[in-house]
Amino acid sequence: MKRSFALMLVLLLPPVLLTAQDAKDENVSQALTAMVASAKQTPEMRWVDQTGPVHSLLYAGEDYRGKPTEVFAFYASPTTLGEGTADAKYPAVVLIHGGGGTAFAEWVWLWAKRGYAAIAMDLGGSRPSAPKFNPETGVPIANQGYPANTRTRLENGGPNQGHVEKFDSIGGEVSDDWPFHAAASVLRAHSLIRSFDDVDAERTAVTGISWGGYTTCLAASLDDRFKAAVPVYGCGFLHEGESVQKPSIDRLGDRRDDWVAVYDPGSQLRHCRVPILFVNGTNDVHYPLDSYQKSFDVVPGTKQMRIEVKMGHSHPAGWKPQEIGRFIDSYCRGGDPLPVPVTPQIDGEQVTLQYTIAVPLKAASLHYTTDSGPRSKRDWQTVPAKIDGQTITAPKPPADANTWFLSLTDTRDAMVTTAVQFED
605 MKRSFALMLV LLLPPVLLTA QDAKDENVSQ ALTAMVASAK QTPEMRWVDQ
655 TGPVHSLLYA GEDYRGKPTE VFAFYASPTT LGEGTADAKY PAVVLIHGGG
705 GTAFAEWVWL WAKRGYAAIA MDLGGSRPSA PKFNPETGVP IANQGYPANT
755 RTRLENGGPN QGHVEKFDSI GGEVSDDWPF HAAASVLRAH SLIRSFDDVD
805 AERTAVTGIS WGGYTTCLAA SLDDRFKAAV PVYGCGFLHE GESVQKPSID
855 RLGDRRDDWV AVYDPGSQLR HCRVPILFVN GTNDVHYPLD SYQKSFDVVP
905 GTKQMRIEVK MGHSHPAGWK PQEIGRFIDS YCRGGDPLPV PVTPQIDGEQ
955 VTLQYTIAVP LKAASLHYTT DSGPRSKRDW QTVPAKIDGQ TITAPKPPAD
1005 ANTWFLSLTD TRDAMVTTAV QFED
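Heads up: take any position in the sequence shown, counting from 1, add 604, and you land on the working numbering.
Below you can see the structure in the form of C-alpha cells.
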C-alpha cells in the first residue's frame, strides 16, 4: 500500500500527541491506529535454540516489500544463566546494535549477569552464528558477531542496513525504509520481552550504540512504556554540522526535508518523555558534539548527559560505561541515581555549578578546547575543579576556549557532565 509523506510522519509520532490537523483524514487515522496497536501487541515468535545460557529466537517484523518478515534475536536472563530463583521477575532491557553490527550474545549475557532479562535483535535481516563460550570460564567469546560473513541472511528478513536502505529509500512506500523497520523491530522486541514469564513488564529500558543510539532516540520518542533510555553516540540533527551522515542526507535532493522530518531523531525527540541519558565522546566523527547537544536540548522530559574526552567509538566501548547500567538501575531497580548538575554559571573569573547527589562526589573537572577545525580532531584540556558543599568551582575557561563543560564523578566512579557550552 502506498503511503504519503504525511502518513509516514504521523506513523512516527506518539498517538497521544496527534491532533485533528495531523490526521488529515479517516484513512490516515485508521492506519496510524493499526500500526501503533500492532507494535504494542506481542508479536508471534518461535524459539530457535534454548539449550545454552543465551537463547535464540525469531519474531514477526513489519512487512518488507509486501511480504512478512522475521527478526532474529538473542535472549538471556538470570534464569537462562542458571542463576535465577523460582518465580523471579526481572527488569528488562532492549539492546540495539550499531551500523555493521548484529545481535551480540555477549551483550545480552552481560545484562543477564547484572540481573536483567535482555533481548538484542539483528536489524539487517540476518542472523549471527550460534553463541560461543570460553569452555573454562563460561564467558562468551568477545566480538563473536564479527565479521559480517559469519552471518546468514534470513529467508524472510527485512531490509539490509546499508546507506541505500537508510537514506535513499525515502519516498513512496515505507516498507523498504530501514529506519522505519528498525524502530518497529525495537518496539516489537519490547512488546515481546514484556510478555516473558520472568520479566516485570513495568520495569523496562532501552539502550543502543551508534546507529543503535540513533534508533534508541526514535524508540524512546515513540514508546512511552520504557522507564529509561540510553543512546550511546547516536543522536539527531545529522543533516547539520560535521556528521559523516550529512552528505548522504544532502544527496537526497528534494527528498531531504522529508527524511529529516520523519527519520532524523532531532524531529522526534521533542516527543520523548522517557528519562534519557545521552552518552558520547568529545571527538566522535559520526555524531559530533554540536549535533549531540542540539538533540539533548529538544528533549522536554528528564535528561542527563555523559561526555567523555576522546571516548572511542565501537560496540565494546559503547557498552562499557558503568553509568549506562546505573542510570537504568535508578529507574528499573531502585538504584541510587547519578549526580544531577544544573547549568554552569560564569561568575567573574570562576565557573560555578550547583548539583544534587545521592552518592558523594569524589572529583570534578572543567574540560575545554581552544582548537578550531573539525570537532573530531580537536585537542582538549582538563582542569581540576573544587568541590565545596553543594557547589563546584573551577577557573573560567580561557578567552579563546570555544567549547567547554564540567564533569562530576561520585565515589562509585560514575561520571556525568553538564550540558556542553559553545562559544562559537
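Think of the CB as a built atom: it goes at the ideal place given N, C-alpha and C, for glycine as much as any other residue.
Just so you know, these numbers come straight off a predicted model, no measurement behind them.
As DSSP reads the structure, threonine 756 sits in a beta bridge with Arg731. Close CB contacts of glutamine 958 within its chain, under the 7 Å cut and outside five residues either way in sequence, are with Val946, Gln994, Thr995 (chain order). Boundaries of the alpha helix (DSSP H) harbouring lysine 850: 850–854, taken from the DSSP string. Proline 735 is positioned such that its CB atom lies closer than 7 Å to that of alanine 709.
Three or more Cβ pairs closer than 8 Å define a contact, and the stretch 858–873 falls short of that threshold against the stretch 801–814. Between the C-alpha atoms of lysine 898 and phenylalanine 841 there is a straight-line separation of about 7 Å. The Cβ neighbour count for phenylalanine 1026, taken over all protein chains shown within 10 Å, is under 16; the residue is labelled exposed. Inclusion of proline 869 and cysteine 936 in the CB contact set at 7 Å is not warranted, their separation being larger than that value. Annotation note: the stretch 932–982 contains no uninterrupted alpha helix (DSSP H) run of length 4 or greater.
Within the same chain, Cβ atoms closer than 6 Å to the Cβ of valine 675 are found at Tyr663, Gly665, Met725, Ser789, the five residues on either side in sequence being excluded.
DSSP lists Gly812 as the beta-bridge partner residues of proline 835. Membership of glycine 922 in the alpha helix (DSSP H) is indicated by the continuous run 919–923.
By a beta-carbon distance limit of 8 Å, tyrosine 891 contacts serine 847. Their separation comes to about 7 Å.
Asparagine 884 counts as buried, since at least 16 other C-beta atoms from the protein chains shown sit within 10 angstroms of its C-beta.
In terms of Cβ geometry, valine 658 and valine 698 do not form a close pair [threshold 7 Å]. Counting of Cβ neighbours within 10 angstroms places glutamate 927 among the buried residues, the total reaching 16 or more. Rounded to the nearest angstrom, the gap between the Cα atoms of serine 681 and serine 779 is 32 Å. Spatial neighbours of isoleucine 961 in its own chain (CB-CB distance under 7 Å, excluding positions within 5 residues in sequence) are listed in chain order as Pro943, Asp1014. The continuous alpha helix (DSSP H) containing alanine 865 extends over residues 860–867. By the neighbour-count criterion, in which 16 or more other beta carbons inside 10 Å mark a residue as buried, glutamine 872 falls on the buried side. In the DSSP annotation of this structure, the continuous segment of the beta strand (DSSP E) that includes valine 1020 starts and ends at 1019–1021. Around the beta carbon of threonine 756, fewer than 16 other beta carbons sit within 10 angstroms, so the residue counts as exposed. Here the alpha carbons of arginine 910 and methionine 1019 stand approximately 7 Å from one another. Here threonine 754 has Pro732, Ser733 as same chain residues with Cβ atoms under 7 Å from its own Cβ, once five neighbours each way along the sequence are excluded. In the displayed model, phenylalanine 1009 falls within a strand according to three-state DSSP.
For serine 976, the number of other beta carbons within 10 angstroms of its own is below 16, and it is reported as exposed.
Beta-carbon to beta-carbon, leucine 826 and isoleucine 774 are separated by about 18 Å, too far to satisfy the 8 Å threshold. Distances from the CA of proline 647 to each of His971, Leu796, Arg982, Ile932 were compared; the closest alpha carbon is that of Leu796. Taking the Cα positions, tryptophan 984 is about 13 Å away from serine 1011. Annotation: the continuous alpha helix (DSSP H) that includes histidine 794 extends over 782–798. Contact annotation, tyrosine 720 with alanine 696: C-beta distance approximately 6 Å; criterion of less than 8 Å satisfied. Put simply, the backbone Cα of tryptophan 782 is about 8 Å away from that of glycine 728. The stretch 883–921 contains, as complete alpha helix (DSSP H) runs of 4+ residues, the segments 893–902 (chain order).
Spanning the alpha carbons of leucine 714 and glutamate 953 requires a straight line of approximately 45 Å. Check the Cα spacing between lysine 907 and each of Arg859, Thr741, Ile880: the tightest is with Ile880.
In this structure, threonine 956 lies away from serine 969, with their beta-carbon atoms at least 7 Å apart.
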